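The sequence shown begins at 464 in my numbering and counts up by one.
Note that beta-carbon positions come from the ideal geometry of N, C-alpha and C, so glycine has one too.
Just so it is clear, the structure is predicted and the values come from calculations on it, not from any experiment.
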Amino acid sequence: LLVSLKNLADSREVSLPGIPRDLANSGNGDHVYVLSDDGNKIDQPGQSHLHVVSIQQGALLSSVDGGFALVDAWTDGASGLTWIARNGETGQSTLFAFHHDTIKARIEIPDVILQLNKARQGNRLYVLCYDSVQVVDLETQELAGSIQTPHRKRGVWEKGSRNRPPSSL
Numbered sequence: 464l465l466v467s468l469k470n471l472a473d474s475r476e477v478s479l480p481g482i483p484r485d486l487a488n489s490g491n492g493d494h495v496y497v498l499s500d501d502g503n504k505i506d507q508p509g510q511s512h513l514h515v516v517s518i519q520q521g522a523l524l525s526s527v528d529g530g531f532a533l534v535d536a537w538t539d540g541a542s543g544l545t546w547i548a549r550n551g552e553t554g555q556s557t558l559f560a561f562h563h564d565t566i567k568a569r570i571e572i573p574d575v576i577l578q579l580n581k582a583r584q585g586n587r588l589y590v591l592c593y594d595s596v597q598v599v600d601l602e603t604q605e606l607a608g609s610i611q612t613p614h615r616k617r618g619v620w621e622k623g624s625r626n627r628p629p630s631s632l
């Protein structure tokens, strides 16, 4: 259900295949990107989809095979692209660049994405992951490099334990 906060009468219901789990919106508010699944434990390709919904039309425009979770979204005001980070198979992620409902770039990331950050200067998008920082050139819409963080160790902090897992900046 797309609810208009300006005028409730303009609210619309959009029918999507599957059960919506996560969503992100484009920076200009024209589109919503919805991750849905078939309601079962996701363990096979094709069980989840990333849907592009037009807010103005109140309609589903397109769908892409989904992953397990939408992580972050960022809109590049200069190009009008909305970057959507999606986690997929264990240890894998995908970064999509959408222009409205069209995929302009699809970058496979060999790590689990946590967050997207734009450099203050320059035309780079830094993709913070579990074990690396992936660098995307926004002009070419391609992966420009990777900074590994092998010093980072993951662990489990059990309740009552004083041995917290290490972290790094």
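Cα-Cα separation, residue i to residue j
{"i": "A607", "j": "R587", "result": "9 angstroms"}
{"i": "Q555", "j": "R569", "result": "13 angstroms"}
{"i": "Y432", "j": "V516", "result": "Absent from the structure is residue 432, since the part of the chain shown begins at 464 and ends at 632."}
{"i": "E621", "j": "T545", "result": "Low local confidence applies: a pLDDT of 45 at E621 is under 50, so the model's placement there is unreliable, with the coordinate-based value given in what follows. So the two alpha carbons sit approximately 38 angstroms from each other."}
{"i": "I482", "j": "V599", "result": "31 angstroms"}
{"i": "E476", "j": "D594", "result": "40 angstroms"}
{"i": "I572", "j": "H562", "result": "20 angstroms"}
{"i": "A472", "j": "A560", "result": "32 angstroms"}
{"i": "T553", "j": "T603", "result": "27 angstroms"}
{"i": "V527", "j": "A582", "result": "28 angstroms"}
{"i": "Q597", "j": "N470", "result": "42 angstroms"}
{"i": "L465", "j": "G521", "result": "7 angstroms"}
{"i": "N488", "j": "S609", "result": "27 angstroms"}
{"i": "H494", "j": "E605", "result": "23 angstroms"}
{"i": "G551", "j": "L579", "result": "16 angstroms"}
{"i": "Q611", "j": "K567", "result": "27 angstroms"}
{"i": "S631", "j": "Y589", "result": "Unreliable placement is indicated for S631, whose pLDDT of 47 sits below 50; the coordinate value is still reported in the next sentence. If I take the Cα positions, the gap works out to 16 angstroms."}
Nearest-angstrom Cβ-Cβ length linking residue i and residue j, presumed shorter than 8 angstroms
{"i": "L700", "j": "L591", "result": "Only positions 464 to 632 of the chain appear in this structure, which leaves residue 700 out of reach."}
{"i": "G540", "j": "I518", "result": "The Cβ separation is near 18 angstroms, so there is no contact."}
{"i": "G533", "j": "L486", "result": "First, the residue type needs correcting, since residue 533 is Leu and not Gly in the sequence shown. Correct: roughly 7 angstroms between the Cβ atoms."}
{"i": "S542", "j": "G529", "result": "Their Cβ separation, rounded to whole angstroms, is 24 angstroms, which puts S542 and G529 out of contact at 8 angstroms."}
{"i": "R484", "j": "L513", "result": "11 angstroms between Cβ atoms; not a contact."}
Pair within 9 angstroms by beta-carbon distance, residue i and residue j
{"i": "W537", "j": "G490", "result": "yes"}
{"i": "S467", "j": "S474", "result": "yes"}
Residue from the options whose Cα sits closest to the Cα of residue i
{"i": "P480", "options": "E605, Y589, N488, D501", "result": "D501"}
{"i": "D535", "options": "T565, L498, I566", "result": "L498"}
{"i": "L454", "options": "S525, I547, Q611, E605", "result": "Since the first residue shown for the chain is 464 and the last is 632, residue 454 is missing from the structure and cannot be characterised."}
{"i": "F531", "options": "V575, N580, K567", "result": "V575"}
{"i": "S525", "options": "H494, D564, Q611", "result": "D564"}
Distance cut-off 8 angstroms: residue i Cβ against heavy atoms of the ligand FAD
{"i": "L558", "result": "No copy of the ligand FAD occurs in the structure displayed, which carries no ligand at all."}
Inset, instruction - Kindly provide the ranges of any beta strand (DSSP E) runs that are 3 or more residues long and lie completely inside the region 515-578, ordered along the chain. - result: 522-528, 532-539, 544-550, 556-562, 565-572
Inset, instruction - Within the region 478-506, note down every full beta strand (DSSP E) run reaching 3 residues or more, in order along the chain. - result: 482-488, 494-500
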